[in-house]
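Quick mapping for you: the protein sequence lines, in order, are chains A and B. Everything in the first sequence is counted per the numbering used here, starting at 1 for the first residue and increasing by one. Everything in the second sequence is counted per the numbering used here, starting at 1 for the first residue and increasing by one. Ideal Cβ placement from N, Cα and C applies to all residues, glycine included. Comments concern the structure below.
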Amino acid sequence: MRIAVLRPQVPFARGGAEIFTDELVAELRARGHDADLVSVPFKWYPGARVLTQAFLWRMLDLDEADGRPVDVVVATKFPSYVVRHREKRVWLVHQFRQAYELDGTDLGQFGPSPEERALRRRVQQLDRLALREATQLFATSPNVAGRLERSTGLVAEVLPHPPQALPYRVAPSQGFVLSASRLDRAKRIDLLLEAAALEQGLELVIASDGPDRKRLEEIARARDLDGRVRFEGRVDAERLAELYATCSSVYYAPVDEDFGMGPYEAFLSGKPVITTTDAGGPLDVVHDRRTGLVVRPDAAEVGRAAAWLREHADDAAAFGGAGKALADEVTWDRAIARLLA
Amino acid sequence: MRVAYFSPMPPEASGIADYSALLVPALREHVDLTVVKRGTKRPPRGSDLGVYHIGNNPEAHGWILDALRRVPGLVVLHDFVLHHLVAGVTIGRRDGHGYLDAMERGHGVVGRLLGHGVLDKRLPPLWEARPEEFPLTGEVLSLATGLVVHSRFVEDRARAAGFAGPIFRVAHPAWPDPGVAPAEIDGDPVIGSFGNVNQSKRIPQLLESFARLRSEHPRARLLLVGPVSPGFDLERRLQRLGLSGDGIVREGYVDERRLWELMAACDVHVSLRSPTMGETSGTAIRALALGRPLVVSDVGWFSELPETVALRVSVGADEALELEAALRLLAGRPEVREAMAAAARQLAVGEHALAAVAERQAAAFETLAGGRAIADEVLGDVSAAAAGVGIAPGTPEADEIARRLAEVDLGG
């Protein structure tokens, strides 16, 4: 089958959606499909640019390429699903969240003026029209499916996907807490830093990069965390797998996250996850005292959870093991069979 | 976003006042909304949008039409037929010429001539005799920058009347079930009809059908709640049909609490109407919230209720027979009543849920207030990009761009 995987691309940024789409193309090819990635740059500001950039997708002609038909397109996140195609399957990573649950929060985009309110509604209207055209509608997590149904009335089948391919392994803990989330505000790494400031003896490794890095480093300095927090930046696959394998726990507590591969990566390394009650998607797999610890989004509680897992290695290993059993169930074989059914 | 909200409000005795009392707090979760005082002539300074609730009653809506004439805005059109309103703000204010102009605007020279006949008292008032033939909605539609309607019926008629602006179809919100104890009314089943007792509520047909039902279900009771309209001789009809004994329970105008108690006492609600002005029935919505099966006329908004919650009766020669069949079915099949009751509750907490309705109305307000500017910006951006690579208006390439924009409702 000839399959185009559609990915809006914020130039120079790389996160879960990019990893997911790269791996999807690779996994489709590994199963004999003629798959390729179709990527269009995306910029969502200023003003109505979010709509005009979305409209670029509508102008694409993906019915065929080089004289041969494209059998299926797989749209992933806003606005790739604005594309036209007779066999448009949407595997929804997320909608334009600023127009929905992030509206009115610090992470929102649209102000109170009539024009900005109308712009938000136009984005919602575009979603309804474009997503209704899908011949199959999947969501990467119950959280994403729930948001979709609440906002558009459309029902998606939940279809999780495996995390990125790393040389996962299980190894003894070296006592540090790992955060491998992209460094932006929504991932709430600052909460972990504040936890370390309160919980003496807590050591952190931050293995990622992003627009919030400078602010986070300033917080670490201001809290006198030098020596206990290590910002490693973006690391290669081998190093990341090593960090997962040797940490005591993985911190993953974004604000109402869509899906989040972090917990799956932790579980495949046999590690428990610390998350918060408002984290959204991760709560589908991080279950308190079964696969990790779920606490309120409060620095002291995060700190205590991290210290407890470090000091109770047997429990931590049991939680991680239970998580691994969950993660092992999510395979590309199953996901692709369903996607192309 | 600041919204100036023109609507009758309690304690005015108006279904639309009740509607707004329910909806306004929920709308305020989304927009900065000011309910203007009755008689206000224009939206307060700084308002981004005027929202005008227009219905057919000139007492309740005449001042709102006056304000709409000064500053156009979004109209929540509760009735499509506005003849009574127009007559009230013209003839009722000694402005016969205004009435003639409205009739001519809507119905040409023939309309003007008919208007003369009404003014000269040679014809009965058209707003009483044939309002549905002369809806007189034209002026309101010409002033509205957008419409909120509750039914496809009104939407279709507004389009047929030439309204080209945006129309937002948003369901009537359902009141939450207040959980009152049902009034003690003996009967099996208890069938209720609420509202004015008159011909247009099809009370003659209901009484005839109920009388026949009683021959098979002697314990059935009919609860008639509401004032009797002038000229409608209820007592004589009851006597003629042999219903003046214990078959009928009568109450006149009741307050809100008593209304709920009486409605809760019913096993079946009958909500008939003909002719329809395009209105929604607040009591039918309350019946849904209580989880009661409905029997409705197959007209207007009532026709759009799902078959799972309402049995429809066509208006005309077989009306009483169809109504009798519907009542027989519901009287004799409690399991059908239960299934319809469950579907009614589901509809009330789904499509008619207050929070969902408020969200959709707020979306309408926001889309209308700022949508033009956004559409212009999108079109400007796209056309500049097209012009930059030499795509000129009128070329096939420009046509394709326009087509694609229209597909996703970005075409302005």
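- [ ] Report yes or no: do three or more beta-carbon pairs, one from the stretch 44 to 62 of chain A and one from the stretch 11 to 30 of chain B, lie closer than 8 Å?
- [x] no
- [ ] Compare the beta carbon distance of LEU241 (chain A) and PRO167 (chain A) with 8 Å and say whether it is the shorter of the two.
- [x] Walking along the first sequence from the start, residue 241 (chain A) turns up at place 241. Walking along the first sequence from the start, residue 167 (chain A) turns up at place 167. Per the sequence shown, residue 241 (chain A) should be read as Ala rather than Leu. Going by C-beta atoms, ALA241 (chain A) is nearer than 8 Å to PRO167 (chain A).
Open item on the list: Closer than 8 Å is the cut-off here; do at least three beta carbon pairs connect the stretch 3 to 12 of chain B with the stretch 50 to 67 of chain B?
Closed with: yes
TODO: Mind listing the chain B neighbours of GLN95 (chain A)? Cutoff is C-beta to C-beta under 8 Å, in chain order.
DONE: The residue you call residue 95 (chain A) lines up with position 95 of the first sequence. Per Cβ cutoff of 8 Å: no residues; GLN95 (chain A) is ~15 Å from chain B at best.
Open item on the list: Please classify ASP63 (chain A) as buried or exposed, where buried requires at least 16 neighbouring CB atoms within 10 angstroms.
Closed with: Taking the first sequence and counting its residues from 1, the one referred to as residue 63 (chain A) is at position 63. Classification of ASP63 (chain A): exposed, given that the 10 Å Cβ count is below 16.
TODO: Please list the residues of the stretch 397 to 411 of chain B that have a C-beta atom closer than 9 Å to any C-beta atom in chain A, keeping them in chain order.
DONE: GLU400, ILE401, ARG404, LEU405, GLU407, VAL408, ASP409 and LEU410
TODO: Whole angstroms is fine: what's the gap from LEU408 (chain A)'s alpha carbon to VAL40 (chain A)'s?
DONE: Coverage of chain A is limited to positions 1 through 341, which leaves residue 408 (chain A) absent and any answer about it impossible.
Task: DSSP state of ALA139 (chain A) mapped onto helix, strand, coil - done: Against the first sequence, residue 139 (chain A) aligns to sequence position 139. Strand.
Task: Exposed unless 16 or more other CB atoms sit within 10 angstroms - verdict on ARG120 (chain A) - done: By one-based count along the first sequence, residue 120 (chain A) stands at place 120. Buried.
TODO: Use the C-beta contact count for GLU116 (chain A): other C-beta atoms within 10 angstroms, 16 or more gives buried, fewer gives exposed.
DONE: Walking along the first sequence from the start, residue 116 (chain A) turns up at place 116. The residue in question, GLU116 (chain A), is buried, as its Cβ has 16 or more Cβ neighbours within 10 Å.
TODO: Find out if the Cβ-Cβ distance for the pair HIS418 (chain B), HIS172 (chain B) is shorter than 8 Å.
DONE: As displayed, chain B neither begins before 1 nor continues past 412, which places residue 418 (chain B) out of reach and without an answer.
Open item on the list: What residue range does the alpha helix (DSSP H) around ILE203 (chain B) cover?
Closed with: On the second sequence, residue 203 (chain B) is found 203 positions in, with the first residue counted as 1. Run containing ILE203 (chain B): 203 to 216, per the alpha helix (DSSP H) assignment.
Open item on the list: List, in chain order, every chain B residue whose beta-carbon is nearer than 7 Å to that of THR52 (chain A).
Closed with: Stepping through the first sequence from its first residue, residue 52 (chain A) is reached at position 52. Going along chain B in sequence order, the residues near THR52 (chain A) (Cβ under 7 Å) are VAL378, ASP381 and VAL382.
Open item on the list: Quick check: the stretch 169 to 183 of chain B against the stretch 197 to 216 of chain B, are at least 3 beta-carbon pairs closer than 8 Å?
Closed with: no
Open item on the list: Quick check: is the beta carbon of ILE374 (chain B) nearer than 8 Å to any beta carbon in chain A?
Closed with: The residue you call residue 374 (chain B) lines up with position 374 of the second sequence. With 8 Å as the cut-off, ILE374 (chain B) counts as an interface residue toward chain A.
Open item on the list: Between ASP246 (chain B) and chain A, is the shortest Cβ-Cβ distance under 8 Å, so that the two count as touching?
Closed with: The residue given as residue 246 (chain B) occupies position 246 in the second sequence. No, ASP246 (chain B) lies away from the interface with chain A (no Cβ there is under 8 Å from its Cβ).
- [ ] Determine the contact status of GLY280 (chain A) and ASN143 (chain A), defining contact as a CB-CB distance below 8 Å.
- [x] Position 280 of the first sequence holds residue 280 (chain A). Position 143 of the first sequence holds residue 143 (chain A). The answer is yes: Cβ separation under 8 Å.
- [ ] Say whether the stretch 329 to 339 of chain B touches the stretch 150 to 166 of chain B, bearing in mind that this needs 3 or more beta-carbon pairs closer than 8 Å, one atom from each stretch.
- [x] no
Open item on the list: So ALA363 (chain B) contacts chain A; which residues on that side make the cut at Cβ distance below 8 Å?
Closed with: Taking the first residue of the second sequence as position 1, residue 363 (chain B) is located at position 363. Simply ARG121 and GLN124.
Open item on the list: Please confirm whether VAL16 (chain A) has its beta-carbon closer than 8 Å to some beta-carbon of chain B.
Closed with: Within the first sequence, numbered from 1, the residue matching residue 16 (chain A) stands at position 16. First, the amino acid is wrong: residue 16 (chain A) is Gly here, not Val. It does not; no Cβ of chain B falls within 8 Å.
Task: THR76 (chain A) vs TRP91 (chain A) beta-carbon contact at 8 Å - done: On the first sequence, position 76 is the one that residue 76 (chain A) refers to. On the first sequence, position 91 is the one that residue 91 (chain A) refers to. Closer than 8 Å, so yes.
Task: Alpha carbon of ALA35 (chain A) to alpha carbon of VAL72 (chain A), nearest angstrom - done: As a first step, residue 35 (chain A) must be located in the first sequence, where it is residue number 35. As a first step, residue 72 (chain A) must be located in the first sequence, where it is residue number 72. Roughly 10 Å separates the two Cα atoms.
- [ ] For SER113 (chain A), decide whether its Cβ has a neighbour in chain B, counting only Cβ atoms nearer than 8 Å.
- [x] Within the first sequence, the letter at position 113 stands for residue 113 (chain A). Yes, SER113 (chain A) lies at the interface with chain B (some Cβ there is under 8 Å from its Cβ).
TODO: Name the residue from A:ASP66, A:ALA318, A:ARG230 and A:SER208 whose alpha carbon lies nearest to the alpha carbon of GLY15 (chain A).
DONE: Taking the first residue of the first sequence as position 1, residue 15 (chain A) is located at position 15. Per the Cα distances, A:SER208.
Task: Proximal chain A residues relative to GLU366 (chain B), where beta-carbon distance stays under 8 Å - done: By 1-based counting over the second sequence, the position of residue 366 (chain B) is 366. Per Cβ cutoff of 8 Å: PRO114, ARG117, ALA118, ARG120 and ARG121.
- [ ] Just confirm the distance between the C-beta atoms of ARG221 (chain B) and ASP186 (chain B), as a whole number of angstroms; I'd bet it's less than 8 Å.
- [x] To locate residue 221 (chain B), count along the second sequence from 1; it is residue 221. To locate residue 186 (chain B), count along the second sequence from 1; it is residue 186. ARG221 (chain B) to ASP186 (chain B), Cβ: 7 Å. Contact.
Open item on the list: Quick check: what's the CA-CA separation for ARG273 (chain B) versus ALA369 (chain B)?
Closed with: Within the second sequence, the letter at position 273 stands for residue 273 (chain B). Within the second sequence, the letter at position 369 stands for residue 369 (chain B). Straight-line Cα distance between these residues: approximately 35 Å.
Task: Cβ-based neighbour list, ALA237 (chain A), same chain, cut-off 6 Å, excluding 5 preceding and 5 following - done: Taking the first residue of the first sequence as position 1, residue 237 (chain A) is located at position 237. Excluding residues within five positions, the ones whose Cβ falls inside 6 Å are LEU166.
TODO: Check the Cβ-Cβ distances between ALA386 (chain B) and every residue of chain A, and say whether any is below 8 Å.
DONE: Working through the second sequence from its first residue, we reach residue 386 (chain B) at position 386. Output row for ALA386 (chain B): interface = no.
- [ ] Please list, in chain order, all residues of the same chain as GLY138 (chain B) whose beta carbon is under 6 Å from its beta carbon, the five residues on each side excluded.
- [x] Here residue 138 (chain B) is taken as the residue at index 138 of the second sequence, counted from 1. So the qualifying residues of the chain are ARG105 and GLY106.
Open item on the list: According to DSSP, simplified to helix, strand and coil, what is ASP63 (chain A)?
Closed with: The residue labelled residue 63 (chain A) in the question sits at position 63 within the first sequence. Residue state, collapsed to three classes: coil.
Task: Span separating the alpha-carbon of ARG399 (chain A) from that of GLU101 (chain A) - done: Nothing in the structure corresponds to residue 399 (chain A), since chain A is present only between 1 and 341.
Open item on the list: Please confirm whether ALA26 (chain B) has its beta-carbon closer than 8 Å to some beta-carbon of chain A.
Closed with: Position 26 of the second sequence, counting from 1, holds the residue named residue 26 (chain B). No, no contact with chain A.
TODO: Tell me, please, whether the CB atom of ALA369 (chain B) is closer than 8 Å to any CB atom in chain A?
DONE: The sequence position of residue 369 (chain B) within the second sequence is 369, counting from 1. At least one chain A Cβ lies under 8 Å of ALA369 (chain B).
- [ ] Could you check if ALA48 (chain A) is buried or exposed, using at least 16 other CB atoms within 10 Å of its CB as the buried criterion?
- [x] Translated into the one-based positions of the first sequence, residue 48 (chain A) becomes position 48. Under this definition ALA48 (chain A) is a buried residue.
Task: Continuous beta strand (DSSP E) stretch holding ASP34 (chain A): start and end - done: Taking the first sequence and counting its residues from 1, the one referred to as residue 34 (chain A) is at position 34. Residues 34 to 41.
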